[in-house]
Each structure stands twice: as structure tokens, then as C-alpha cells.
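Structure record follows, encoded as C-alpha cells.
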């Protein structure tokens, strides 16, 4: 699946009232948060509507409670059990593709009927078996993998903004002609 196809899948999710969740550990966690922020806010200069996107792991009270009361391996899965629904999407970020908490999140997402897109390096790892689409960057160096992930995530944001801009222009043109949308 290409970045264009993934961005279209996310747009379809948003248009049907769904949400996008993202998760990862360490640098990948910050990228998940950054991605969600771009969707809720704006990526470039376009003043677009806010899109329902959430980075799992951003709430320290939830993360520490789940880590303490369950295990750290459940911090993302447990949140998806409560928040995710059929038709939502999960962006799973793992440079190795083998992070247990990311794998568990993917399993829960699949069970709930969510679409799962994974971004990895190092050959893909176990997450390759749990996702609809795998973006695997053939690299072993963690910083290079994370840089590739950031470029891919930014590209998805840009494609979504372009799609929204196109829709707004069509709506404006229809309104100017006196048509109802």
C-alpha cells in the first residue's frame, strides 16, 4: 500500500466519523504524538477542520496506571479496548516491528475491526503479520528509520490536507453556483 492509499484510507475513516490512533515507544512515541497533533491542528498553512486523532501513551496518568496495574505491554492495547471502534485506524510505529506493547495494540485493533498500518525498519518484525499495510524501511539504524517514518507521516499529513482543500474548493464552487452540498 502506498502513502497515497494510506492517506485515502485515513480520509475515508474521518469521513465516516472514525478516529485515528497512533502509538510507539521512545522516539516513535513522540512521532505518534506529532502526527496526531498535525491532524488535530494543521500540518502546513491550511486552516482545516480538526480531525479526530489520538496518540496513545500521551497521558502519563493512564500510562503509569496501566503499567502499574497491568503491564507496560498493555498500555496501548488497553486504551484501544476502551476508545477504539470498528472502522477506526491505528498507525503502529516500531523501528524493530517487535515491540510487545505495539503488537498487542495491533491485535486489539484487528479484533475490533480497525484498520492497522505499521511503520517499521529492520525487516518488518512480527508486526508485519498484524497489519493491513506495512511500510518497512530497509535500514537497521534507529535514527535513520525514525527519520524515514517522519517523512512518511508528514507526507500523509500533506496528502490529507490537499484532499481537504480540494473538498473545500468544490464545496465553495458549488455554493457560488447556488448548489447545496
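In the working numbering, the protein residues as written are 82 to 262. Backbone N, C-alpha and C fix where the C-beta goes; we use that ideal spot for every residue, glycine too.
In or out: residue i buried (at least 16 other Cβ within 10 Å) or exposed?
| i | result |
| --- | --- |
| residue 119 | buried |
| residue 107 | exposed |
| residue 124 | buried |
| residue 265 | Beyond the ends of the chain as shown, which are 82 and 262, falls residue 265; an answer cannot be given. |
| residue 128 | exposed |
| residue 112 | buried |
| residue 247 | exposed |
| residue 180 | buried |
| residue 53 | The structure shown has nothing for residue 53, since the chain only spans 82 to 262. |
| residue 175 | buried |
Check residue i in the structure and name its three-state DSSP category.
| i | result |
| --- | --- |
| residue 202 | strand |
| residue 212 | coil |
| residue 171 | strand |
| residue 258 | coil |
| residue 217 | strand |
Report yes if the C-beta distance between residue i and residue j is below 8 Å; otherwise report no.
| i | j | result |
| --- | --- | --- |
| residue 183 | residue 144 | no |
| residue 136 | residue 186 | no |
| residue 236 | residue 132 | no |
| residue 210 | residue 193 | no |
| residue 159 | residue 147 | yes |
| residue 232 | residue 88 | no |
| residue 170 | residue 99 | yes |
With a cut-off of 8 Å on the beta carbons, I'd call residue i and residue j a contact; round off their distance for me.
| i | j | result |
| --- | --- | --- |
| residue 201 | residue 178 | 4 Å |
| residue 117 | residue 196 | Incorrect: roughly 16 Å between the Cβ atoms, too far for contact. |
| residue 114 | residue 161 | So it is not a contact: roughly 16 Å between Cβ atoms. |
| residue 229 | residue 220 | 7 Å |
Tell me the start and end of each unbroken beta strand (DSSP E) in the region 117-175 that is at least 3 residues and wholly inside, in chain order. Whole beta strand (DSSP E) segments, 3+ residues: 134-136 and 170-174.
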